[in-house]
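**Student:** My questions all concern the structure below.
Protein chains: 2
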Amino acid sequence: MDSYDLKILEAIMNRSRIKWADLASLIGLSAPAAAERVSRLQEQGVIKEFSTVIDPEAVGCGLMAFVAVSLARPEHRAPFLKLVQQLDEVQECHHIAGEDDYLLKIRCRSTKDLDRIISHELKSLDGIVRTKTTIVMDSVKETTRLPLRSEP
Amino acid sequence: MDSYDLKILEAIMNRSRIKWADLASLIGLSAPAAAERVSRLQEQGVIKEFSTVIDPEAVGCGLMAFVAVSLARPEHRAPFLKLVQQLDEVQECHHIAGEDDYLLKIRCRSTKDLDRIISHELKSLDGIVRTKTTIVMDSVKETTRLPLRSEP
DNA sequence: AGTGAAATCTGGACGTT
DNA sequence: AACGTCCAGATTTCACT
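Heads up: the protein sequence lines correspond to chains A and B, in order.
Residue numbering for the first sequence follows UniProt numbering, starting at 1 and increasing by one per position.
Residue numbering for the second sequence follows UniProt numbering, starting at 1 and increasing by one per position.
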């Protein structure tokens with residue numbers, strides 16, 4: 001991970017479909033060298049995948065909510081995490097410090113849909129003591145950019 | 001947005017660098033037809049950008065936190081939102097319903113770094129009544145996939 | 001590990017169905 | 001609106017530095 005790699009990550013973070021030749025001239029290397037570094041970064045796991053950002057509204061997925069979940073006991077974790085992996089509407093699941101155990105980020109079609117996920121899917125599990133739902137009214141900033149710097 | 005478009009979005013969501021020919025055979029169209037649909041989806045704004053998913057740990061950005069922010073009065077919004085846009089560590093900022101006003105998702109290098117952002121950058125503003133910070137200990141699921149279905 | 005040239009393959013344009 | 005062909009250009013391979 002030298003300065004060339006950082007420049008590459010910086011450049012492709014927001015435009016993965018950039019041509020290697022353009023990337024190369026952007027960072028000051030030849031096209032083969034740039035392409036080889038990108039595939040090496042993929043093998044190392046630094047680059048996880050090339051993805052496409054889709055407008056959620058355009059595909060009818062305009063509702064976003066955060067749901068904090070508290071579990072009764074450790075043995076309720078496994079079935080909860082399995083369900084979370086299965087539910088397409090659950091985009092993120094974080095194990096958090098503090099009052100609650102998990103924080104879910106959910107994207108779905110409507111409040112009715114959200115109700116189904118929380119009241120039907122999640123609460124069908126044993127051991128869910130409490131859920132606290134926060135509805136998102138407007139997303140002011142949403143990026144997947146990471147702050148990159150020289151020294152890791 | 002017919003079934004071909006949905007198939008395209010489904011296919012390129014996790015691999016934007018797919019070749020048009022492969023995408024075409026995947027969805028059952030010719031390469032020119034597939035490419036034209038992708039550029040049409042871009043023009044329509046359904047496809048926002050092609051991005052690269054980078055492992056945060058690999059670039060020394062292993063700490064994630066959610067920060068709920070309460071503002072004193074409406075006139076404190078503009079400077080707050082401006083700062084949020086400027087801070088690279090703030091990946092998301094959502095206007096939320098409920099007790100607090102905004103929910104930030106922050107990625108940074110360390111707790112010391114987080115402290116700088118919250119105590120120094122954010123609290124330097126007037127009108128920030130309260131912040132509630134939740135540290136993420138482990139991210140169990142993280143995806144940008146959207147649940148796509150036929151009828152929007 | 002990077003460069004430059006050559007061979008190969010991809011992607012955009014155009015005319016046709 | 002999608003297909004098939006064609007050509008310019010991009011990607012990959014390879015020998016060399």
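Glycine included, each C-beta is placed from N, C-alpha and C at the ideal position.
In this text the structure is predicted, and so the values were computed from the model without any measurement.
1) Give the straight-line distance between the Cα atoms of I96/B and E57/B, rounded to the nearest whole angstrom.
2) Spatial neighbours of L83/B within its chain, please: CB distance less than 8 Å, with the 5 preceding and 5 following residues excluded, ordered by chain position.
3) Apply the 10 Å Cβ neighbour rule to V38/A and answer buried if 16 or more other Cβ atoms are within range, or exposed otherwise.
4) Count the other C-beta atoms from every protein chain shown that fall within 10 angstroms of the C-beta of V129/A, then say buried if there are 16 or more, exposed otherwise.
5) Give me the Cα-Cα distance between P79/A and P79/B, rounded to the nearest whole angstrom.
6) Does the beta carbon of G127/A sit closer than 8 Å to a beta carbon anywhere in chain B?
7) In chain order, what residues of the same chain have a beta carbon less than 6 Å from the beta carbon of K7/A, not counting five sequence neighbours either side?
8) Within 10 angstroms of the Cβ of A68/B, are there 16 or more other Cβ atoms? Answer buried if so, exposed if not.
9) So E43/B is in the beta strand (DSSP E); what residue range does that whole segment cover?
10) Rounding to the nearest angstrom, what Cα-Cα distance links V46/B and G62/A in this structure?
11) Is K132/A near the ligand MG - that is, is its Cβ less than 7 Å away from at least one heavy atom of it?
12) Flag this pair as yes or no: are the beta carbons of Q91/A and K105/A separated by less than 8 Å?
13) Using 10 angstroms around the beta-carbon of D5/B, count the other beta-carbons present and answer buried if the total reaches 16, otherwise exposed.
14) With distances taken from CA atoms, which of Q86/B, G127/B, C93/B, L114/B is nearest V138/A?
15) Less than 8 Å between C-beta atoms, sequence neighbours within five positions excluded: which residues of the same chain meet that for G60/B?
16) Mind checking S150/B: buried by the 16 CB within 10 Å criterion, or exposed?
17) Between the alpha carbons of E49/A and R73/A, how many angstroms are there, rounded?
18) Could you tell me whether the Cβ of P152/A comes closer than 8 Å to any Cβ of chain B?
19) May I ask which residues mark the beginning and end of the beta strand (DSSP E) holding S16/A?
20) Quick check on D115/A - is its C-beta less than 8 Å from some C-beta in chain B?
21) Got a sec? Which residues, its chain only, sit under 6 Å from D100/B by beta carbon, not counting five neighbours each side?
**Tutor:** The relevant details are as follows:
1) Sequence index remark: in the second sequence, residue 96/B carries index 96 (1-based). Sequence index remark: in the second sequence, residue 57/B carries index 57 (1-based). In this model, I96/B and E57/B are separated by some 29 Å (Cα to Cα).
2) The residue labelled residue 83/B in the question sits at position 83 within the second sequence. Closer than 8 Å at the Cβ level, and outside the excluded window around L83/B, lie E121, L122, L125.
3) Here the question's residue 38/A lines up with position 38 in the first sequence. So V38/A ends up on the buried side.
4) By one-based count along the first sequence, residue 129/A stands at place 129. By the neighbour-count criterion, in which 16 or more other beta carbons inside 10 Å mark a residue as buried, V129/A falls on the exposed side.
5) Against the first sequence, residue 79/A aligns to sequence position 79. Against the second sequence, residue 79/B aligns to sequence position 79. One C-alpha to the other measures close to 44 Å.
6) Here residue 127/A refers to the residue found at position 127 of the first sequence. It does not; no Cβ of chain B falls within 8 Å.
7) Against the first sequence, residue 7/A aligns to sequence position 7. Counting only Cβ-Cβ distances below 6 Å, and skipping sequence neighbours, we find I27.
8) As a first step, residue 68/B must be located in the second sequence, where it is residue number 68. Burial of A68/B is indicated by the presence of at least 16 other C-beta atoms within 10 angstroms of its C-beta.
9) Here residue 43/B corresponds to residue number 43 of the second sequence, with the count starting at 1. Counting along the chain, E43/B sits inside no beta strand (DSSP E); it lies in the alpha helix (DSSP H) bounded by residues 31–44.
10) As a working note, residue 46/B is residue 46 in the second sequence. As a working note, residue 62/A is residue 62 in the first sequence. Put simply, the backbone Cα of V46/B is about 13 Å away from that of G62/A.
11) The ligand MG is absent from the structure shown, which contains no ligands of any kind.
12) Locating residue 91/A in the first sequence gives position 91, where the first residue counts as 1. Locating residue 105/A in the first sequence gives position 105, where the first residue counts as 1. Going by C-beta atoms, Q91/A is nearer than 8 Å to K105/A.
13) Working through the second sequence from its first residue, we reach residue 5/B at position 5. By the Cβ neighbour-count rule, D5/B is buried, with 16 or more other Cβ atoms within 10 Å of its own.
14) For this step, residue 138/A is matched to residue 138 along the first sequence. According to the sequence provided, residue 138/A is Asp. The question's Val does not apply to it. Checked all of Q86/B, G127/B, C93/B, L114/B; the closest Cα to D138/A is C93/B.
15) As a position in the second sequence, residue 60/B is number 60, starting the count at 1. If we look at G60/B and ignore the five residues flanking it on each side, its Cβ neighbours are R109.
16) Taking the second sequence and counting its residues from 1, one reaches residue 150/B at position 150. Caution is warranted here: a pLDDT of 48 is assigned to S150/B, below 50, making its placement in the model unreliable, and the coordinate value is therefore given only provisionally. Taking all protein chains in view, the Cβ of S150/B is surrounded by fewer than 16 other Cβ atoms within 10 Å, so the residue is classified as exposed.
17) Position 49 of the first sequence, counted from the first residue, corresponds to residue 49/A. Position 73 of the first sequence, counted from the first residue, corresponds to residue 73/A. Whole-angstrom Cα-Cα distance: 35 Å.
18) Against the first sequence, residue 152/A aligns to sequence position 152. In this prediction, P152/A scores a pLDDT of 42, lower than 50, which makes its location untrustworthy; no coordinate-derived value is stated.
19) In the first sequence, the residue the question calls residue 16/A occupies position 16. Counting along the chain, S16/A falls outside any beta strand (DSSP E), and DSSP gives it neither H nor E.
20) Locating residue 115/A in the first sequence gives position 115, counting from the first residue. At a cut-off of 8 Å, the C-beta of D115/A has no neighbouring C-beta in chain B.
21) Position 100 of the second sequence, counted from the first residue, corresponds to residue 100/B. Excluding positions up to five away in sequence, the list reads A68, S70.
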